[in-house]
Structure formats: structure tokens, C-alpha cells
Amino acid sequence: MADSFKFELVSPERLLISEDAEQVILPGAEGEMTVLAKHAPVMTTIRPGVVTVKPTSGAEQRYAVFGGFADILPETCTLLAESAVPVGELNREDLQRRIEAAKRDAEAAEDAEARSRAELFLQQLTTLENAIIPA
Amino acid sequence: MASLKDLRNRIASVKATQKITKAMQMVAAAKLRRAQEAAEAARPYSERMESVLANIAQAVSGGGEAPQLMVGNGKDDVHLLVVATADRGLCGGFNSQIARLAREHIRKLLAEGKTVKVFTVGRKGYDMLRRDYAKLIVERVELKEVKQLGFSNADDIAKKIIALFNDGQFDVCTLFYSRFKSVISQVPTAQPLIPAATGEAEGGDGAVYDYEPSAEEILGDLVPRNIAVQIFKALLENAAGEMGAKMTAMDNATRNAGEMIDKLTITYNRQRQAQITKELIEIISGAEAL
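Sequences listed follow chains A and B, in order. Residue numbering for the first sequence is 1315 to 1449, as defined by my numbering. Residue numbering for the second sequence is 36 to 325, as defined by my numbering.
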């Protein structure tokens, strides 16, 4: 059996998951990353995407996260998500609403930097939409 | 002296009031449970956030620039007071306690010659501070329409505050809310928001992190989020505190109404007896006269 580590996914509203996992795949700011036990300490921001958790017992779980950051230590991995939803509970309307809000943000942005950031976020959301919701 | 009919009406109306306060107390109790659960569910996030922030702040303080949102811009001239209260009354001294604390601060800051700006969250705080400091209120938010407090509500408020800060509208920001100590005790609290009060990183792990992208960039992302989290926490504690205060207030009101009914009933019975006695005397003395 592979080594396990403690994985926690928390959003401001609730603690979504807290259990021992063998492997977690995170959508890091600079690319997808797979976290295994004894990972070197890393702190990274998260872009909107899907987190796949493989607990030591039970089936693989998938969560959609909308930004946040992860704190990775050899024995623990904490993902602080701005907002997180199990993929099964995610629906198109909710995602559409988020995309609309992101579009408005992009239009309302005052300077170039804020706009490019909002546009990046929008683009990531759209990718996420295509990834999890079959057309 | 009130007539018997008046007394009867009075008793009926007090009874109706008692029914209302009783119902409000029960509603508050149910809502309190929900609010407490929400506050508890939010706790892990803010705890983790704090420890992560402390860790990273330590790493950054070695070199490089910490964002102004965290360390302040070095000035101390314009203060922004964010006053978070409930949107409804009938909860005892809950709102006025917060307003009083805010008022004391305003008075002190004004006496020191600082400029004060006020940002009210919740209708009651606005109503109370408007009387004395209408000119200082720069912004207000009402959460009356919100049924279930979400993180996005806090995030909106945080964005407004950060925009004001980046605009150079104020130097120091303090958040006023009521800390939920227990159902019967809420403590009005002033918490510094900008510059942020960061705790010491827990010693022990002291791990050397790799940062992706850079530590500064993460911190720049983290600090605004931390402000939103702090506000969210304050709003949740407020919501729980409001319900606790309302429950206590309504419990007292129900009890007072009960006492009042007892007293009125005694007066009513006494008066009715007096009337009967009076009629008897009239009959007897009438019979004796014959």
C-alpha cells in the first residue's frame, strides 16, 4: 500500500473533506500537480479547475474549485478554496452564473492589469466548463 | 380606576403580545442554531488561513516587500471604521453596544485630530450613527435581503474596502462587530483590519517552502482574501450573536408579559369582587330601609 497523507479541502463556508489520501491532483497556478506523501513543502495558488482525490479507502472523489491556494507539507496537504463544489453537485446554471459574473468583472476592470487578471479567470472558468460538463 | 371591561381588554392585549414574543423567541432559537453551525463550519478555514498567512509573512519579512494592505501605508491620519451590526432590532442591547463602542472610538479619534470615515454594514448601525455622525458615513451596505449569509457577501464588502484603500481614501481600517462568546453574552469588539494583525507563526514545522509563483505574489493574493475572511467571520459571529441576544430579549419580554398578566388578573378579580360586594350592600341596605 502506498504511503498516505492527510488531505483537507476547506472553503470559507465549510470543511468539504478531511481524510487520509494516497494521491491528490491539484490545478496549480503553474500547471497541474500531483501530490503524494512526503512531498516537499510547497505553497501554491490554485486556478479554477478540478481536484481529484484518491483516499486510502473508498472511491476517487472529484471537486470543482474556483481559485484558492494549497499548503503542501510532507504529511499534510491543505487546500483553501475560495469556493468548492463536488463535481456531482455542480450544474451548468451555477457555472454560467459564475462566468457571467467574471465577464462583468472583466468589463468593469479599471486598469489593464486588473482586466487581464479578470480575463484570465474567465478563460479558466470556460475551460473548466468544457472539461466537466459534457456538451 | 379602570373599568372591568378595560381591564379585560388590557389582559387580552398583553396575552396577544406575549404570544408574539414567545413565537419570536422560538424563531430566534432555531435561527441561532443555524447561525452557530455556520460559524463553526467557517472556523477551520479562517484558522488555516491564519497559520498560512503567519508562515508566509515570516518568509517574506526576511526580504522583499510586503503588500501595503498588510503592513499599512505608514500613515495614521485617516481612519476607516467598519461597523457591522444587525439589520433588525428587538434584540436587546446588541446593536447599541456595537454602536456605542464605535462612537467612543470616533470621539477619541476626532479628539486626536484624525479624520474619521465610517462604513456601516447592516441597517441598525447606520440608523444609530446617522444621528451624530451622518457626515462621516462614506459607504453603507445592508444585508436585509440576504437569507443565508454567504462568503460572497463578505467578499463584496472586502472589495469595496480594498478599492477605497487603493484609492488612498484611508490609512487605517478597524472592524467593529460583536464577538459571540455565548448565547447570553456577546462582546462588542474592535479588530484592526488594515494593517492586519498577524499572529506569530507556530514554531515547530518551520519548513522551507517552495512558492509557486513567488511568495510575494501569493501574499498579494492572500491578504485581500484574508480581509474577506475576517469580515465573513465577523458577519457570522454577528448573526449568531444577534439571534442569541434576540432570544434572551424575547425570553425576558415573555416573562414580563406573564408577570403583567398575573398582576392585571389580580386587579381584575379584586375589582370584580368589590363590585359584587357593593351590589350586595345596596340590596341589603335597600331591604333594611323597608
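The beta carbon of each residue, even a glycine, is placed where N, CA and C say it ideally should be. Only a predicted model underlies this, so the values are computations on that prediction, with no experimental measurement involved.
Taking 7 Å as the cut-off between beta carbons, the residues of the segment 186 to 208 of chain B near chain A are Phe-186, in sequence order. Val-181 of chain B carries a coil assignment under DSSP once its states are collapsed to helix, strand and coil. Listed along chain A, the residues sitting closer than 8 Å to Tyr-244 of chain B by beta-carbon distance are Pro-1355, Val-1356 and Met-1357. As the crow flies, the alpha-carbon of Met-278 of chain B is around 40 Å from that of Gly-1372 of chain A.
Contact annotation: Arg-214 of chain B and Glu-272 of chain B have beta-carbon atoms nearer than 8 Å. Along the length of the segment 198 to 252 of chain B, whole beta strand (DSSP E) runs at least 3 residues long occupy 207 to 217, 220 to 229 and 245 to 247, reported in chain order. Under DSSP, the beta-bridge partners assigned to His-114 of chain B are B:Val-151 and B:Val-207.
The shortest C-alpha to C-alpha distance from Pro-1400 of chain A to any of A:Arg-1431, A:Lys-1320 and A:Leu-1329 is the one to A:Leu-1329. Ranking B:Ile-172, B:Phe-154 and B:Lys-179 by CA distance to the CA of Ala-193 of chain B puts B:Phe-154 first. DSSP links Leu-39 of chain B through a beta bridge to no other residue. Annotation for Arg-1328 of chain A: no beta strand (DSSP E) segment contains it, and DSSP assigns it neither H nor E. Val-264 of chain B and Met-84 of chain B do touch by the CB rule: their CB atoms are close to 5 Å apart, below 8 Å.
One finds Glu-1322, Val-1324, Asp-1385, Thr-1392 and Leu-1394 in chain A with Cβ atoms closer than 8 Å to the Cβ of Arg-83 of chain B, taken in chain order.
Excluding five sequence positions before and after Ile-46 of chain B, the CB atoms of its chain that fall closer than 8 Å to its own CB belong to Ile-296, Leu-299, Thr-300 and Tyr-303, given in chain order. In the DSSP annotation of this structure, the continuous segment of the alpha helix (DSSP H) that includes Arg-166 of chain B starts and ends at 158 to 168. For Lys-143 of chain B, the enclosing alpha helix (DSSP H) covers residues 129 to 146. Distances from the CA of Gln-1410 of chain A to each of A:Ile-1339, A:Gln-1438 and A:Phe-1383 were compared; the closest alpha carbon is that of A:Gln-1438. A direct Cα-to-Cα measurement between Gly-160 of chain B and Asn-130 of chain B gives close to 7 Å. Taking a Cβ-Cβ threshold of 7 Å, the residues of chain A close to Tyr-80 of chain B are Val-1324, Ser-1325, Pro-1326 and Leu-1394, in chain order. Beta-carbon to beta-carbon, Leu-116 of chain B and Ile-141 of chain B are separated by about 7 Å, close enough to satisfy the 8 Å threshold.
The secondary-structure analysis by DSSP pairs Tyr-303 of chain B with nothing; it has no beta-bridge partner. Annotation: Cβ neighbours of Glu-1344 of chain A in chain B (cutoff 8 Å, chain order): Glu-247 and Pro-248. Within the same chain, and ignoring the five residues on either side of Pro-1369 of chain A in sequence, the residues whose Cβ sits closer than 6 Å to its Cβ are Glu-1333 and Ala-1335. Using a Cβ distance threshold of 8 Å, Phe-211 of chain B and Ile-133 of chain B count as a contacting pair. Cβ proximity to chain A below 8 Å picks out nothing from the segment 129 to 160 of chain B.
Taking a Cβ-Cβ threshold of 9 Å, none of the residues of chain A is close to Val-181 of chain B; the smallest such distance is about 14 Å. By the Cβ test, the segment 242 to 258 of chain B is not in contact with the segment 309 to 323 of chain B, since fewer than three Cβ pairs between them sit closer than 8 Å.
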